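A.B. asks:
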Amino acid sequence: MLPLFYVISHYSNLPFRAWEQRKLGDLVVDYVEKTSVQNQFPMLTSSQQKGIVLQEDYFANRQVTTENNIGYFVLPRGYFTFRSRSDNDVFVFNRNDIIDRGIISYFYPVFTLKSADSDFFLRRINNGIQRQLSIQAEGTGQHVLSLKKFKNIVAMFPSEGEQKKIGSFFKQLDDTIALHQRKLDTLKQMKKGLLQQMFPKSEEDVPKIRFADFDEEWYQRKLG
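full-length UniProt numbering numbers the first residue of the sequence shown as 1 and each following residue consecutively.
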């Protein structure tokens, strides 16, 4: 993996054309495949923080959707979705990067691209167009953004060559962040386990794990 400062320097020196306005409806196409049997594919959740995840993982090894899921949308790998209902006018778009085919509630429209770089598009629609998303959303209480309204939005896009450069750059950043996050999660779990093992429980005189050269019993002290 190239150093970040090298990547930025390299990309900043490349010649690119000016960005131009593109209607999202010219870039995306609806995908409406629905399940025909119960639990046809693994159930997915589209979350604001973690992206697309297996529902059983997101809700601690239990699938919360107990109703009949026949007629739910199929979400193939590399396809996009979003929760069409929002209480705060925030709409987050995610891409299925985890399994070949999953299913998701019919409150989550599914679409794919007919042009545009996928990595760039994912980041573009999540950055810089929130106001337009709010304008297109309908409703007085919970706002609803239909896929039809989403496709009416016009946003600035660069050439496909520049899209690929930007998309690749941010994917590298996200991959690096994910790698460090996994390392951090591992360290946190290690710390949690060591705290349990290196401090004796109330009925114990010594901890289960100790540093070398220390073998005497711990003794009680009054904190006051």
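Using N, Cα and C, we set each Cβ at its ideal position, and we do this for glycine too. Keep in mind that this is a model prediction, so the values were computed, not measured.
Under 9 Å, do L24 and F150 count as touching if we go by C-beta distance?
C.D. replies: If you number the sequence shown from 1, residue 24 lands on position 24. If you number the sequence shown from 1, residue 150 lands on position 150. Using a Cβ distance threshold of 9 Å, L24 and F150 count as a contacting pair.
A.B. asks: Between the C-alpha atoms of S115 and F157, what's the straight-line distance to the nearest angstrom?
C.D. replies: The sequence position of residue 115 within the sequence shown is 115, counting from 1. The sequence position of residue 157 within the sequence shown is 157, counting from 1. The straight-line gap from Cα to Cα measures roughly 12 Å.
A.B. asks: Classify G102 as helix, strand or coil using the three-state DSSP reduction.
C.D. replies: Looking up residue 102 in the sequence shown gives position 102. Three-state DSSP puts G102 in a strand.
A.B. asks: Could you work out which residue in R85, F211, F80, G102 is closest to K34 when comparing CA atoms only?
C.D. replies: Here residue 34 refers to the residue found at position 34 of the sequence shown. Residue G102 is the option with its Cα nearest to K34.
A.B. asks: Measure the CB-CB distance between D97 and G71 and report whether it falls below 9 Å.
C.D. replies: Along the sequence shown, read from residue 1 onward, the residue named residue 97 stands at position 97. Along the sequence shown, read from residue 1 onward, the residue named residue 71 stands at position 71. In this structure, G71 does not lie closer than 9 Å to D97 by Cβ.
A.B. asks: Use the C-beta contact count for L122: other C-beta atoms within 10 angstroms, 16 or more gives buried, fewer gives exposed.
C.D. replies: The residue given as residue 122 occupies position 122 in the sequence shown. The residue in question, L122, is buried, as its Cβ has 16 or more Cβ neighbours within 10 Å.
A.B. asks: Measure the CB-CB distance between I119 and S46 and report whether it falls below 9 Å.
C.D. replies: For this step, residue 119 is matched to residue 119 along the sequence shown. For this step, residue 46 is matched to residue 46 along the sequence shown. Per the sequence presented here, residue 119 reads as Asp, with Ile not at that position. No, the Cβ-Cβ distance between D119 and S46 is not below 9 Å.
A.B. asks: Looking at Y31: is its Cβ nearer than 9 Å to the Cβ of V92?
C.D. replies: Walking along the sequence shown from the start, residue 31 turns up at place 31. Walking along the sequence shown from the start, residue 92 turns up at place 92. Cβ atoms of Y31 and V92: not closer than 9 Å.
A.B. asks: Out of I209, D205, F107, which has the shortest C-alpha to C-alpha gap to S146?
C.D. replies: Residue 146 sits at position 146 when you count from the first residue of the sequence shown. Nearest of I209, D205, F107 to S146, Cα basis: F107.
A.B. asks: According to DSSP, is L54 part of a helix, a strand, or is it coil?
C.D. replies: On the sequence shown, position 54 is the one that residue 54 refers to. Correct three-state label for L54: strand.
A.B. asks: Let me know the secondary structure DSSP gives F5 once reduced to three states.
C.D. replies: To locate residue 5, count along the sequence shown from 1; it is residue 5. Below a pLDDT of 50, predicted positions are generally treated as unreliable, and F5, at 49, falls in that range; no measurement from the model is reported.
A.B. asks: Which of helix, strand or coil does DSSP assign to E138?
C.D. replies: Start at 1 with the first residue of the sequence shown, and residue 138 comes out as number 138. In the displayed model, E138 falls within a strand according to three-state DSSP.
A.B. asks: So is M1 buried or exposed if we call it buried at 16+ other beta carbons inside 10 Å?
C.D. replies: Your numbering for residue 1 matches position 1 in the sequence shown. Reliability of the predicted coordinates at M1 is poor, the pLDDT of 48 falling under 50, and no value is obtained from them.
A.B. asks: What does a CB cutoff of less than 8 Å around I153 pick up in its chain, not counting 5 residues either side in sequence?
C.D. replies: Position 153 of the sequence shown, counted from the first residue, corresponds to residue 153. Cβ neighbours of I153 beyond the five flanking positions: K23, L24, I129, Q132, L133, Q136.
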